[in-house]
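Structure first, then comments.
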């Protein structure tokens, strides 16, 4: 296995930084790993290495404003959350298509990275995709009252206040991962107030975009995730009306993975239990001919979805 730093430019010229992970033998496919909100690519390194052991190449990268893609002055960066899903995800896919012309492309999207699978105009170039803890992020869907109050306090009070003072949102201090551009935070915060999350934003056209996607999708949820609960995941995937969606709701205790929550799938300890099934699903998707207009499926594993 080898890892190689790379950089590529989005359609608006913004330069993004990532890492290409390659197996020793020619890869069977390349897996794009789209990160969660304000999460740097290093979280996904272990998963990328594992994929190379299964014969896949993998691309990890940082959205604009995050990790190695952060500019010298974060407060000066003009960006929205949709730019991550449209421009940055699109740029990663375009780079992969050019660098590995003719090689099948797959994607694993974590949280907002999973949202991008439904939104991106480049998704038709994928053979299949896995959504990890991707959910409609309306805070009213958080069932635990204390967690709902905490999230609303951060998104609607503390975050906007810190953004006004600093010009960016100090995500590290607020427990939101890395620091993030103010414009990204503002759009995200606004979407969380809407009953159907960004599907209620008429400027995004999310419902129409989701309805166009026609690929096999595996949607993973975990019983100890307070945000991506079954109802929130169900709302998101309900808009994928032409995709073949398989849902798996996993009880970490029963699976023997240890705690997973919203972030733990990509950590090594849960990964030793959870990653092999995902790699098997991706391999099977490669071997299954893709057909247009496949009906949507809902298949639970572990607990009912």
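Residue numbers (UniProt numbering): 1 to 305.
Think of the CB as a built atom: it goes at the ideal place given N, C-alpha and C, for glycine as much as any other residue.
If you're wondering where the values come from, they're calculated on a predicted model, not measured in any experiment.
Supposed close pair residue i, residue j - CB separation, criterion 8 Å
i: residue 251; j: residue 223; result: 5 Å
i: residue 308; j: residue 278; result: The requested residue 308 does not occur in the structure, where the chain is confined to residues 1 to 305.
i: residue 113; j: residue 11; result: Their Cβ separation, rounded to whole angstroms, is 18 Å, which puts residue 113 and residue 11 out of contact at 8 Å.
i: residue 225; j: residue 271; result: Incorrect: roughly 16 Å between the Cβ atoms, too far for contact.
i: residue 211; j: residue 241; result: 5 Å
i: residue 110; j: residue 36; result: 4 Å
i: residue 59; j: residue 103; result: Contact flag wrong, Cβ pair sits at about 12 Å.
i: residue 137; j: residue 192; result: 5 Å
i: residue 189; j: residue 46; result: Not really, about 31 Å apart at Cβ, beyond 8 Å.
DSSP state of residue i mapped onto helix, strand, coil
i: residue 297; result: Only weak support is given to the placement of residue 297: the predicted model assigns it a pLDDT of 43, under 50, and the value that follows is read from those uncertain coordinates. Residue 297 falls in the coil class under three-state DSSP.
i: residue 218; result: strand
i: residue 236; result: helix
i: residue 2; result: strand
i: residue 138; result: coil
i: residue 248; result: strand
i: residue 117; result: helix
i: residue 227; result: coil
i: residue 57; result: strand
i: residue 262; result: coil
i: residue 154; result: helix
i: residue 112; result: helix
i: residue 89; result: helix
i: residue 171; result: helix
i: residue 304; result: Any reading at residue 304 must be qualified, since the residue scores a pLDDT of 39, below 50, and its modelled position is unreliable; no value is offered.
i: residue 101; result: coil
i: residue 176; result: coil
i: residue 34; result: strand
i: residue 39; result: coil
i: residue 286; result: helix
i: residue 253; result: helix
i: residue 181; result: strand
i: residue 17; result: strand
Chain D contact for residue i (CB, 8 Å cutoff)
i: residue 51; result: Reference to chain D is not applicable here, since this structure consists of a single protein chain.
C-beta contact flag for residue i and residue j at 8 Å
i: residue 17; j: residue 57; result: no
i: residue 32; j: residue 107; result: yes
i: residue 199; j: residue 239; result: yes
i: residue 182; j: residue 217; result: no
i: residue 105; j: residue 266; result: no
i: residue 171; j: residue 38; result: yes
i: residue 73; j: residue 88; result: no
i: residue 215; j: residue 128; result: yes
i: residue 220; j: residue 151; result: no
i: residue 14; j: residue 75; result: no
i: residue 96; j: residue 61; result: no
Beta-carbon proximity list for residue i, same chain, < 7 Å, skipping 5 on both sides
i: residue 28; result: 55, 56, 286
i: residue 119; result: 85, 86, 206, 209
i: residue 40; result: 62, 66, 67, 178
Residues of its chain near residue i, where Cβ-Cβ distance is below 6 Å and the 5 sequence neighbours each way are ignored
i: residue 77; result: 65, 71, 181
i: residue 100; result: 30
i: residue 84; result: 63
i: residue 281; result: 218
Cut-off 8 Å between Cβ atoms - residues of its own chain near residue i, not counting five sequence neighbours on either side
i: residue 1; result: 21, 22, 23, 24, 49, 52, 53
i: residue 229; result: 135, 141, 142, 143, 221
Next item on the list: Specify whether the segment 52-65 and the segment 121-128 touch according to this definition: at least 3 beta carbon pairs, one from each stretch, less than 8 Å apart.
Entry: No, they do not touch.
Item checked: Segment contact, 8 Å Cβ cut-off, at least three pairs: the segment 240-248 with the segment 143-161 -> Too few Cβ pairs lie closer than 8 Å, so no.
Checklist line | Meets three-Cβ-pair contact criterion under 8 Å: the segment 231-238 and the segment 126-144 | finding: With a cut-off of 8 Å, the segment 126-144 and the segment 231-238 count as touching, because enough Cβ pairs lie within range.
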